[in-house]
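Visitor:
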Amino acid sequence: MTIIDGKAFALKLREKIAGAVRDIKSSCNIQPALAVVLVGEDPASQVYVRNKGIATEKAGMRSIEHKLAADASEDDVVSLVKKLNADEEVDGILVQLPLPDHISSERVINEIHPDKDVDGLTEANAGRLILGKTGLVPCTPQGSVMLAKSVRDNLSGLNAVVVGRSILVGKPLAMLLLAENCTVTMAHSRTKNLDEVCREADILCAAVGRPRMVEGRWVKEGATVIDVGINRIEEDGKTRLIGDVDFDSAKERAGAITPVPGGVGPMTIACLLRNTVIAAARRRGLGAVEV
Ligand SMILES: Nc1nc2c(c(=O)[nH]1)N[C@@H](CN(C=O)c1ccc(C(=O)N[C@@H](CCC(=O)O)C(=O)O)cc1)CN2
Ligand SMILES: [Mg+2]
13 MTIIDGKAFA LKLREKIAGA VRDIKSSCNI QPALAVVLVG EDPASQVYVR
63 NKGIATEKAG MRSIEHKLAA DASEDDVVSL VKKLNADEEV DGILVQLPLP
113 DHISSERVIN EIHPDKDVDG LTEANAGRLI LGKTGLVPCT PQGSVMLAKS
163 VRDNLSGLNA VVVGRSILVG KPLAMLLLAE NCTVTMAHSR TKNLDEVCRE
213 ADILCAAVGR PRMVEGRWVK EGATVIDVGI NRIEEDGKTR LIGDVDFDSA
263 KERAGAITPV PGGVGPMTIA CLLRNTVIAA ARRRGLGAVE V
C-alpha cells in the first residue's frame with residue numbers, strides 16, 4: 013500500500029515550474045505575473061492567498077495581491093477584474109473563493125478573460141475542457157489526476173468513480189478522467205447504493221465535503237483512492253483537518269491513497285503556478301512549456 017505524498021510531488025512540480033520560469037526570463041526577459049483578488053477577511057482564504065503569493069514568488073514569478081473590503085460591491089470586483097484583463101503585464105487572474113454572499117461568483121468569474129483564467133473556472137474554459145480543446149484546467153482536479161497517474165502509469169480502461177459534482181472539483185475531474193480514457197461514473201448525494209458504486213472503482217475520488225464519508229468497506233481491494241476533501245473538525249478538543257475518506261479503514265484495502273493533509277491540497281497551488289506559466293507562454297507567444 014502506497015501513501016501518495018502530494019506534498020513531495022507538488023514540491024517537485026514547483027521546482028520544474030521555477031525552471032520553466034527561469035528559461036522564459038533568460039530567453040525573453042519576461043517575468044510571468046499572477047494577480048490574486050481577495051474580497052473580505054475569511055481566515056482560511058487569507059491563508060490560501062498568502063500561500064499563493066509566497067509560492068508564486070518562490071517560483072520566480074511576480075505576485076500581485078488585491079484585497080477588497082468585505083462590503084465591496086459586485087461592481088467593484090468586476091471593475092477590478094476588467095482592469096486586470098486589460099493589464100498587459102498580468103498573465104493570470106484568480107479570484108479567491110468563496111466570495112461574500114452579496115456577490116455573484118458566477119458573474120465575477122466569467123468576467124475573467126479566459127486566457128488569464130488560471131483557475132480554469134470560466135464558462136469558456138469549462139466548455140473547452142468538455143470539448144477536448146486547449147484551455148486552462150481547474151487546479152485541484154488537475155492535481156488529483158497527476159497524483160493518480162503517479163501510482164498508475166496508465167489510467168486507460170480503468171473504472172473511475174467521482175463522488176461529488178461541484179463545479180470546482182467533481183465535474184472537471186470527471187472530464188479529465190474521461191480524457192485519460194477511464195470509464196467514469198459521477199456519483200453524488202442522490203446516488204443509490206453509493207457503497208456498491210464505489211466498490212466498482214479502480215480509481216475512487218471523493219470530493220463531497222463530508223468528513224470521512226467514504227468508508228473503508230466501500231473501497232475495492234487495491235484501488236487508488238484520491239481524497240479531495242478538506243474538512244476542519246473538532247476532535248479531542250483539537251481542530252483537525254480530515255478528508256472525505258475514512259483514511260484508517262480505507263488504507264487497509266486501497267493499493268494507494270492520498271492523505272489529508274499532504275495529499276491533493278498542496279497540488280492545488282502547484283497546478284495554479286503551472287497554469288500561470290502556461291498562460292504566460294501562450295499569451296506572449298512563447299510556444300508550449302513542458303511542466
Ligand atoms: N479561486 C479559488 N478558490 C478556492 C480554491 C481554488 O482552487 N481556487 N480552492 C480552495 C482553497 N485552496 C485554494 O484556494 C486551497 C485549499 C487547500 C490547500 C492545501 O494546500 N491544503 C493543505 C492543508 C493546508 C492546511 O493545513 O490548512 C493540504 O490539504 O495538505 C491549498 C489551497 C477553496 N477556494
Ligand atoms: Mg471540500
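Residue numbers for the sequence shown follow the working numbering, beginning at 13 and rising by one. Glycine included, C-beta positions come from ideal geometry on N, C-alpha and C.
1. Hey, which unbroken runs of the beta strand (DSSP E) at 3 residues or more fall wholly within the region 118-179?
2. Establish whether the CB of Ala56 and some CB of chain C are separated by less than 8 Å.
3. Which runs of the alpha helix (DSSP H) spanning at least 4 residues fall entirely within the region 53-84, listed in chain order?
4. Over the uninterrupted beta strand (DSSP E) stretch that includes Ile245, give me the two end residues.
5. So, helix, strand or coil for Ala47, using DSSP?
6. Leaving out five residues on either side along the sequence, give the residues of the same chain with a beta carbon under 8 Å from the beta carbon of Gly72.
7. If you check the beta carbons only, do Val90 and Ala47 fall under 8 Å apart?
8. Assign Ala98 to buried or exposed, taking buried as 16 or more other Cβ atoms, counted over all protein chains shown, within 10 Å of its Cβ.
9. Does DSSP classify Thr14 as helix, strand or coil?
10. Going by alpha carbons, who is nearest to Ile124 out of Gln154, Ala291, Pro223 and Lys28?
11. Need the endpoints of the beta strand (DSSP E) that Lys250 sits in, please.
12. With a CB to CB cut of under 7 Å and the five nearest residues on each side skipped, what residues in its chain are close to Ala45?
13. Confirm, please, whether the CB-CB distance from Ala22 to Pro184 is below 8 Å.
14. Give the DSSP-derived three-state secondary structure of Asp239 in the structure shown.
15. I'd like to know whether the C-beta atoms of Val237 and Thr203 end up nearer to each other than 8 Å.
16. Comparing alpha-carbon positions, which option in Ala56, Asp260, Met13 and Pro153 lies nearest Val174?
17. Throw me the rounded Cβ distance for the Val276 and Ser156 pair, which I believe falls under 8 Å.
18. Could you tell me which residues DSSP pairs with Met198 in its beta bridges?
19. Is the distance from the Cβ of Val226 to the Cβ of Val257 below 8 Å?
20. Is the beta carbon of Gln43 within less than 7 Å of some heavy atom of ligand 1?
21. Measure the beta-carbon distance from Cys151 to Thr68 and round it to whole angstroms, keeping in mind my assumption that it falls under 8 Å.
22. Which term fits Arg26, buried or exposed, when burial requires 16 or more other beta carbons within 10 angstroms of its beta carbon?
23. Kindly list the residues whose CB is nearer than 7 Å to the CB of Thr134, restricted to its own chain and excluding five residues on each side of it in sequence; keep chain order.
Guide: By the coordinates alone:
1. Segments of the beta strand (DSSP E) lying fully in the region 118-179: 171-175.
2. You won't find chain C in this structure, because it holds only one protein chain.
3. List check, alpha helix (DSSP H) in window: 55-70.
4. Asn243 to Glu247 is the span of the beta strand (DSSP E), which, as asked, contains Ile245.
5. Under the three-state reduction of DSSP, Ala47 is assigned to strand.
6. Ala30, Val33, Arg34, Lys37 and Gln43
7. no
8. exposed
9. strand
10. Ala291
11. Lys250 to Ile254 is the span of the beta strand (DSSP E), which, as asked, contains Lys250.
12. Met73, Arg74, Ile76, Glu101, Val102 and Asp103
13. No, these two residues do not count as a Cβ contact at 8 Å.
14. Asp239 sits in a strand when the DSSP states are folded into three classes.
15. no
16. Pro153
17. Between Ser156 and Val276 the Cβ distance is about 5 Å, and since that is below 8 Å, they are a contact.
18. Val174
19. yes
20. no
21. In fact, because the Cβ distance is near 13 Å, the residues do not count as touching under 8 Å.
22. buried
23. Ile121, Asn122, Ile124 and Pro126
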